[in-house]
Amino acid sequence: MPGGQVIYTDTRAWGKVEKPLFYAALGLTGKPDYLIQKDNQIIPVEVKSGNAPEAPYDSHIFQLASYCLLVEKNYGKRPPYGIIHYENKDFSIRYTKELETALIELIADMREDDFKKEVERSHQQPSRCKRCGYQNRCEESLV
Ligand code: SF4
5 MPGGQVIYTD
15 TRAWGKVEKP
25 LFYAALGLTG
35 KPDYLIQKDN
45 QIIPVEVKSG
55 NAPEAPYDSH
65 IFQLASYCLL
75 VEKNYGKRPP
85 YGIIHYENKD
95 FSIRYTKELE
105 TALIELIADM
115 REDDFKKEVE
125 RSHQQPSRCK
135 RCGYQNRCEE
145 SLV
């Protein structure tokens, strides 16, 4: 996952999102906390409570990526990046084709897992668990 780049944003330009966005082909719905309209682009912002981790968690990155995808499908404009806003820091995450592909694969995996009673860890990477938002609750965690 891209680690993200720390940026500074002017929160006065952030517009609240009233209604969830929807993309039927993937059965995907979601509501970014804010959208920024800037230079003919629409940038989604996800707000997280608490201080920033060293690098954004993969789960936060994928959530933001899903908002980028929803913005593209609903407004016909592909956001070049999105923003994860923590209390003490903002990260910009580039919405690359690689991230989009990883997101679509993740959604497909999740759809498959919906039908399983138990889901096993799918990797051997402690670094991934270290950056995962479910680490404290997950019985399969490697850290
Ligand atoms: S902590 Fe659990 S859910 Fe998170 S990456 Fe590791 S195995 Fe997966």
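Here this note's numbering runs 4 ahead of the position in the sequence shown, where the first position is 1. Beta carbons: idealized from backbone N, C-alpha and C, even for Gly.
- [ ] Kindly indicate the opening and closing residues of the alpha helix (DSSP H) around Q67.
- [x] Locating residue 67 in the sequence shown gives position 63, where the first residue counts as 1. Start and end: D62 to Y79.
- [ ] Could I get the ranges of all uninterrupted beta strand (DSSP E) runs contained in the stretch 10-44, with 3 residues as the minimum, in chain order?
- [x] Counting only runs of 3 or more residues that sit fully inside the stretch 10-44, the beta strand (DSSP E) segments are 18-20, 25-27, 32-34 and 38-42, in chain order.
Task: Alpha carbon of H89 to alpha carbon of C136, nearest angstrom - done: On the sequence shown, residue 89 is found 85 positions in, with the first residue counted as 1. On the sequence shown, residue 136 is found 132 positions in, with the first residue counted as 1. A straight line joining the alpha-carbon of H89 with that of C136 spans about 17 angstroms.
Open item on the list: Give me, in chain order, the residues of the same chain whose beta-carbon lies closer than 6 angstroms to that of E144; leave out the 5 immediate sequence neighbours on both sides.
Closed with: Numbered from 1 along the sequence shown, position 140 holds the residue referred to as residue 144. Residues of the same chain with a CB within less than 6 angstroms of the CB of E144, apart from the 5 flanking positions on each side, are R125 in chain order.
Open item on the list: Any heavy atom of ligand 1 inside 8 angstroms of the beta-carbon of E58?
Closed with: To locate residue 58, count along the sequence shown from 1; it is residue 54. No; taking the cut-off as 8 angstroms, the Cβ of E58 has no heavy atom of ligand 1 nearer than that.
Open item on the list: Please determine whether the Cβ atom of Q139 lies at a distance below 8 angstroms from any heavy atom of ligand 1.
Closed with: On the sequence shown, residue 139 is found 135 positions in, with the first residue counted as 1. True, at least one ligand heavy atom lies under 8 angstroms from that Cβ.
TODO: Indicate, with yes or no, if ligand 1 has a heavy atom lying under 8 angstroms from the CB of E144.
DONE: Reading the sequence shown from its first residue, position 140 is the one you call residue 144. Checking every heavy atom of ligand 1 against the Cβ of E144, one is found closer than 8 angstroms.
- [ ] Return yes when at least one heavy atom of ligand 1 lies under 8 angstroms from the C-beta of H127, else no.
- [x] Here residue 127 is taken as the residue at index 123 of the sequence shown, counted from 1. Yes, since a heavy atom of ligand 1 falls inside the 8 angstroms radius drawn around the Cβ of H127.
- [ ] Put E116 into one of helix, strand or coil per three-state DSSP.
- [x] Residue mapping note: residue 116 aligns to position 112 of the sequence shown, counting from 1. Helix, per DSSP.
Task: Cβ neighbours of V75 in the same chain (closer than 6 angstroms, five flanking residues each side left out) - done: Here residue 75 corresponds to residue number 71 of the sequence shown, with the count starting at 1. If you ignore the 5 residues before and after V75, its C-beta comes within less than 6 angstroms of the C-beta of I46, P48 and P83, all in its own chain and listed in chain order.
Open item on the list: Less than 9 angstroms between the beta carbons of Q129 and L146, yes or no?
Closed with: Here residue 129 refers to the residue found at position 125 when the sequence shown is read from its first residue. Here residue 146 refers to the residue found at position 142 when the sequence shown is read from its first residue. Yes; because the gap between Cβ atoms is below 9 angstroms, this pair is in contact.
TODO: Starting from the C-beta of N55, find all residues in its chain whose C-beta is less than 7 angstroms away, skip the five residues before and the five after it, and write them out in chain order.
DONE: As a position in the sequence shown, residue 55 is number 51, starting the count at 1. So the list reads Y90, E91 and N92, once near-sequence residues are dropped.
Task: Per-residue DSSP class, three states only, for E50 - done: On the sequence shown, residue 50 is found 46 positions in, with the first residue counted as 1. Correct three-state label for E50: strand.
Task: Of the residues Q139, L30 and F66, the one placed nearest E102, counting alpha carbons only - done: One-based indexing of the sequence shown puts residue 102 at position 98. E102 has its Cα closest to that of F66, out of Q139, L30 and F66.
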